Amino acid sequence: MVAHLSDFGISKLLGEDQGDLYTKTLATLGYIAPEYGLEGRVSTKCDVYSYGVMLLETFTRRKPNEFEGDLSLKQWVSYSLPEAIMDIVDSNLVTATGNQKELDVVASIMKVALDCCAESPGRRTTMKDVVGMLQKIKIQLLAY
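Next up, the structure:
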């Protein structure tokens, strides 16, 4: 099975020679990067942020807009790693006993997601680096 994302990104608004663009905010809350929601500034780093949120959502089975007050999905995961990973990971993804190797792999993926969700666009990883990190995690998983 091969997963495909289609038409998810907002960076498609950018021309090939543009790095940033300012626009009216038209996106789903919880998935949008802070600079897009607050300033209307669009860049490829906005898509990196959204990808990180989707990874967190996939592995926790929690939506980013389920949280109240100042707590966010990103903060909840960050506060829980690595000690309380069994409390946040979707129970369908790991064995009931919490095999340490499985938990290490999931924690690694969560760290990639959090790197994607850095508040500052300059501190976010690139998608090229994300692919490299996920490929290393895949090799680690296949070695088990």
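Residue 25 in UniProt numbering sits at position 25 of the sequence shown; the count goes up by one each step and never skips.
Here a beta-carbon is modelled for each residue, glycine too, at the ideal position from N, C-alpha and C.
None of these values were measured; they are calculated from a predicted model.
Cβ pair count under 8 Å reaching 3, the stretch 70-81 against the stretch 105-117: yes
Close-in-space but distant-in-sequence residues of the same chain around ASP93 (CB under 7 Å, 5 per side omitted): Within the sequence shown, numbered from 1, the residue matching residue 93 stands at position 93. Here residue 93 is Leu; the residue named in the question, Asp, does not match the sequence. Cβ contact annotation for LEU93 (same chain, cutoff 7 Å, sequence separation greater than five): PHE59, VAL106, in chain order.
Whether LEU73 touches LEU56 by CB criterion (9 Å): Along the sequence shown, read from residue 1 onward, the residue named residue 73 stands at position 73. Along the sequence shown, read from residue 1 onward, the residue named residue 56 stands at position 56. Cβ distance < 9 Å, so LEU73 and LEU56 count as in contact.
Beta-carbon proximity list for GLN100, same chain, < 7 Å, skipping 5 on both sides: Start at 1 with the first residue of the sequence shown, and residue 100 comes out as number 100. None.
Expected contact under 8 Å - CB spacing of VAL53 and CYS117 to nearest Å: Taking the sequence shown and counting its residues from 1, the one referred to as residue 53 is at position 53. Taking the sequence shown and counting its residues from 1, the one referred to as residue 117 is at position 117. Correct: roughly 6 Å between the Cβ atoms.
Member of ASP129, VAL130, GLU102 whose CA lies at the smallest distance from the CA of ALA143: Here residue 143 refers to the residue found at position 143 when the sequence shown is read from its first residue. Here the closest residue by C-alpha is GLU102.
Endpoints, the alpha helix (DSSP H) within which residue 157 is located: The question about residue 157 has no answer here: the residues shown for the chain are numbered 1 through 144.
Reduced DSSP secondary structure (H/G/I, E/B, other) of THR58: To locate residue 58, count along the sequence shown from 1; it is residue 58. Residue state, collapsed to three classes: helix.
Exposure of VAL130, with buried meaning 16 or more beta-carbon neighbours within 10 Å: Taking the sequence shown and counting its residues from 1, one reaches residue 130 at position 130. Counting Cβ neighbours within 10 Å, VAL130 comes out buried, since at least 16 surround it.
DSSP-derived helix/strand/coil call for ILE32: Walking along the sequence shown from the start, residue 32 turns up at place 32. Three-state result, ILE32: coil.
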